[in-house]
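If you use the numbering used here, the sequence shown corresponds to residues 87 to 309, in order. In this text, a Cβ means the ideal position worked out from N, Cα and C, and glycines have one as well. Since this is a predicted model, take the numbers as computed values, not measurements. Each remark here refers to the structure printed beneath this line.
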Amino acid sequence: MVEQIEELYKLINHPVQILEQLKSQLEKRVDELEASNLELESKLSSCHQEGKFSDQELTSGGEEGYPPSPRRSLCTPPPSPNRRLSSPHISPGQATKLFSSLSSTKYLSLVRDNPSPDLGIDSDHGRVSNSETSDNPDKSNLFKLVEENEQLQRMLHKTRQALENTIKQLAAANRRKCQIERDICKQLHKTQHIIRKARVNIQSSENGAERGEDAENIDPLGS
Numbered sequence: 087m088v089e090q091i092e093e094l095y096k097l098i099n100h101p102v103q104i105l106e107q108l109k110s111q112l113e114k115r116v117d118e119l120e121a122s123n124l125e126l127e128s129k130l131s132s133c134h135q136e137g138k139f140s141d142q143e144l145t146s147g148g149e150e151g152y153p154p155s156p157r158r159s160l161c162t163p164p165p166s167p168n169r170r171l172s173s174p175h176i177s178p179g180q181a182t183k184l185f186s187s188l189s190s191t192k193y194l195s196l197v198r199d200n201p202s203p204d205l206g207i208d209s210d211h212g213r214v215s216n217s218e219t220s221d222n223p224d225k226s227n228l229f230k231l232v233e234e235n236e237q238l239q240r241m242l243h244k245t246r247q248a249l250e251n252t253i254k255q256l257a258a259a260n261r262r263k264c265q266i267e268r269d270i271c272k273q274l275h276k277t278q279h280i281i282r283k284a285r286v287n288i289q290s291s292e293n294g295a296e297r298g299e300d301a302e303n304i305d306p307l308g309s
């Protein structure tokens, strides 16, 4: 009976250990994703700061400066949710070059869309198109960086949900384990009580047999 209880205890304890290992692995994965997310957010913030600085330089007036227009903005459109991640990593120097290129593109787009106030002629469309074509790789790198950040956030959310589910399963397994331990203790107490009663009965029967033998030995002497 005790061996069966021990085997049952081992059988229940094994999945609990597996869940604890899974919990530790998920916690490690969450830490890695959070670190990657922080790194990407710092890169994005540095990129936006560089972009704002370049935009201020463009709108700061001069002999060839133009008044600021609402259309002149460095805000990039949100990435498409269907676009897949190919994940480049850019350095701060590359980010500076990227936003300088984007600022130049916005300025050329403004010149293209608005004719010259003095001459009444449009800007060179071919030159603008060539500049935009050369800046497309930098734009795609920025979009991919934003997409990578969003994908990491989704992965982090899913990992947290998996960790929460694992913690719930682990808590339920621990409750079952505690209940089984209580049942085992109760069964052991019952078994010990039965053993004590059996010992008392055996001892009482042995004592009764000894008294009967003593009485038989005393009767012949009395007669």
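Cα separation between leucine 231 and glutamate 118? In the sequence shown, residue 231 corresponds to position 145, counting from 1. In the sequence shown, residue 118 corresponds to position 32, counting from 1. Distance between the alpha carbons of leucine 231 and glutamate 118 is about 18 Å.
Nearest neighbour of alanine 259, chosen from Ser132, Leu108, Pro101 [CA to CA]: The residue labelled residue 259 in the question sits at position 173 within the sequence shown. That would be Pro101, whose Cα lies nearest to the Cα of alanine 259.
Going by CA-CA distance only, name the one from Leu228, Lys276, Leu97 that's closest to serine 131. As a working note, residue 131 is residue 45 in the sequence shown. The shortest Cα separation from serine 131 among Leu228, Lys276, Leu97 belongs to Leu228.
Reference leucine 238, options Leu97, Glu106, Ile104, Leu126, closest by Cα: Translated into positions along the sequence shown, residue 238 becomes position 152. It is Leu126 whose Cα lies nearest to the Cα of leucine 238.
What's the gap between the Cα of lysine 263 and the Cα of serine 110? The residue you call residue 263 lines up with position 177 of the sequence shown. The residue you call residue 110 lines up with position 24 of the sequence shown. Spanning the two alpha carbons is a distance of roughly 20 Å.
Check each candidate in Gln107, Lys96, Leu97 and name the one with the smallest Cα separation from leucine 256. The residue you call residue 256 lines up with position 170 of the sequence shown. Comparing Cα-Cα distances from leucine 256 to each of Gln107, Lys96, Leu97, the minimum goes to Gln107.
Given alanine 248 as reference, the closest of Glu113, Ile104, Glu93, Glu267 once Cα atoms are compared: As a position in the sequence shown, residue 248 is number 162, starting the count at 1. Residue Glu113 is the option with its Cα nearest to alanine 248.
What number of angstroms, rounded off, separates the C-alpha of alanine 284 from the C-alpha of glutamate 93? Start at 1 with the first residue of the sequence shown, and residue 284 comes out as number 198. Start at 1 with the first residue of the sequence shown, and residue 93 comes out as number 7. Approximately 26 Å, taken between the alpha carbons.
Taking only runs that begin and end inside the segment 95-140, name each unbroken beta strand (DSSP E) of 3 or more residues, in chain order. none
Quick one: Cα of asparagine 251 to Cα of leucine 97, how far? The count along the sequence shown starts at 1 and reaches residue 251 at position 165. The count along the sequence shown starts at 1 and reaches residue 97 at position 11. Taking the straight line joining both Cα atoms gives about 22 Å.
With 16 other CB atoms within 10 Å as the buried threshold, where does glutamate 89 fall? Taking the first residue of the sequence shown as 1, we reach residue 89 at position 3. Under this definition glutamate 89 is an exposed residue.
Would you mind working out which of Ser290, Arg261, Gln273 sits nearest asparagine 310, comparing C-alpha positions? This structure cannot speak to residue 310, because the chain is shown only from 87 to 309.
In whole angstroms, give me the CA-to-CA distance for asparagine 235 and isoleucine 104. As a first step, residue 235 must be located in the sequence shown, where it is residue number 149. As a first step, residue 104 must be located in the sequence shown, where it is residue number 18. C-alpha separation (whole angstroms): 32 Å.
To the nearest angstrom, how far is it from the Cα of isoleucine 281 to the Cα of asparagine 287? Reading the sequence shown from its first residue, position 195 is the one you call residue 281. Reading the sequence shown from its first residue, position 201 is the one you call residue 287. When rounded, the distance between both Cα atoms is 10 Å.
Buried versus exposed call for cysteine 133 [16 or more other C-beta atoms within 10 Å across all chains shown]: The residue labelled residue 133 in the question sits at position 47 within the sequence shown. Cysteine 133 comes out buried.
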